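To start, the structure itself, in structure tokens.
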Amino acid sequence: METGNPGLIFTIISFLIALTILVFVHEWGHYIVARLFKVRVDVFSIGFGREIYGRTDKNGTRWKFSILPLGGYVKFYGDANQTSQGTPDLDSQMSDEEKAVCFHYKPVGQRAAIVAAGPVINFLFAILIYFGLFVSIGQPVQPAIIADVQPICRRRGLDCRPVIRFCLWRAIRSRTPAP
Numbered sequence: 182m183e184t185g186n187p188g189l190i191f192t193i194i195s196f197l198i199a200l201t202i203l204v205f206v207h208e209w210g211h212y213i214v215a216r217l218f219k220v221r222v223d224v225f226s227i228g229f230g231r232e233i234y235g236r237t238d239k240n241g242t243r244w245k246f247s248i249l250p251l252g253g254y255v256k257f258y259g260d261a262n263q264t265s266q267g268t269p270d271l272d273s274q275m276s277d278e279e280k281a282v283c284f285h286y287k288p289v290g291q292r293a294a295i296v297a298a299g300p301v302i303n304f305l306f307a308i309l310i311y312f313g314l315f316v317s318i319g320q321p322v323q324p325a326i327i328a329d330v331q332p333i334c335r336r337r338g339l340d341c342r343p344v345i346r347f348c349l350w351r352a353i354r355s356r357t358p359a360p
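Heads up: take any position in the sequence shown, counting from 1, add 181, and you land on the working numbering.
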């Protein structure tokens with residue numbers, strides 16, 4: 182057995198963990214903007230199918246993990262299903278108070294913001310991840326290595342001559358013959 186290969190099970194579990202994190206961030210984007218516009222959220226689910234674990238918060242939202250961890254959804258008040266389709270006779274069934282917290286009765290701009298919030302938050306999350314990797318790990322190849330600067334000369338300059346400015350550094354580098 183190879184020691185460098187993580188194995189199929191480890192790869193699948195890693196994929197599902199990464200996917201779950203991305204789905205959570207995506208759905209949280211929809212959720213947080215919906216709450217900002219005072220839309221009632223009935224369900225926040227990570228996964229599809231039968232519920233494995235869940236709890237209901239003080240706002241009445243059911244937070245749950247379901248058996249198939251290949252996606253997720255946020256179900257708004259008035260949705261007939263997980264694709265945010267309203268029931269056919271939605272208008273006749275709701276009072277004015279219920280319409281005030283229903284996704285389908287919000288202005289188009291607010292609905293568009295709620296729908297767009299998932300992809301936007303994923304994009305911002307990707308920027309945050311890349312920034313965190315850059316800050317913690319840095320660049321894989323340092324500029325001094327690319328310029329072939331010897332370790333003893335890094336503080337003073339090429340050929341151990343003092344370098345005052347970056348443009349002077351370039352000038353010295355261009356005149357220095359290759360070894």
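Each residue gets a CB set at the ideal place from its N, CA and C atoms; glycine is no exception. Quantities reported herein were computed from a predicted structural model and do not represent experimental measurements.
query: Is there at least one Cβ from chain D nearer than 8 Å to residue 273's Cβ?; result: This model lacks chain D altogether, as it is built from one protein chain only.
query: Return helix, strand or coil for residue 238, following the three-state DSSP convention.; result: coil
query: Mapping the DSSP letters down to three states, classify residue 315 as helix, strand or coil.; result: helix
query: How about the region 279 to 286 and the region 241 to 260: do they share at least three Cβ pairs that are nearer than 8 Å?; result: yes
query: Less than 8 Å separating the beta-carbons of residue 212 and residue 222?; result: yes
query: Using beta-carbon positions only, say whether residue 294 and residue 214 come within less than 8 Å of one another.; result: yes
query: Please classify residue 273: is it buried, with 16 or more other beta-carbons within 10 angstroms of its beta-carbon, or exposed?; result: exposed
query: Residues in its own chain within less than 8 Å of residue 306 by CB, not counting five upstream and five downstream?; result: 203 and 206
query: Return helix, strand or coil for residue 187, following the three-state DSSP convention.; result: coil
query: Roughly how many angstroms lie between the CA atoms of residue 298 and residue 304, to the nearest whole one?; result: 10 Å
query: Helix or strand or just coil, what does DSSP make of residue 245?; result: strand
query: Put residue 250 into one of helix, strand or coil per three-state DSSP.; result: strand
query: I'd like the span of the alpha helix (DSSP H) that includes residue 287, first residue to last.; result: Run containing residue 287: none; DSSP gives neither H nor E here.
query: Run through DSSP, which three-state label would residue 195 get?; result: helix
query: Rounded to the nearest angstrom, how far is the Cβ of residue 227 from that of residue 253, given a contact under 8 Å?; result: 5 Å
query: How far does the alpha helix (DSSP H) with residue 219 in it extend, from its first residue to its last?; result: Segment: none, residue 219 is in no alpha helix (DSSP H) and carries neither H nor E.
query: Please state the DSSP three-state secondary structure of residue 200.; result: helix
query: DSSP puts residue 223 in a beta bridge; with which residues?; result: BP columns for residue 223 are empty, so no partner.
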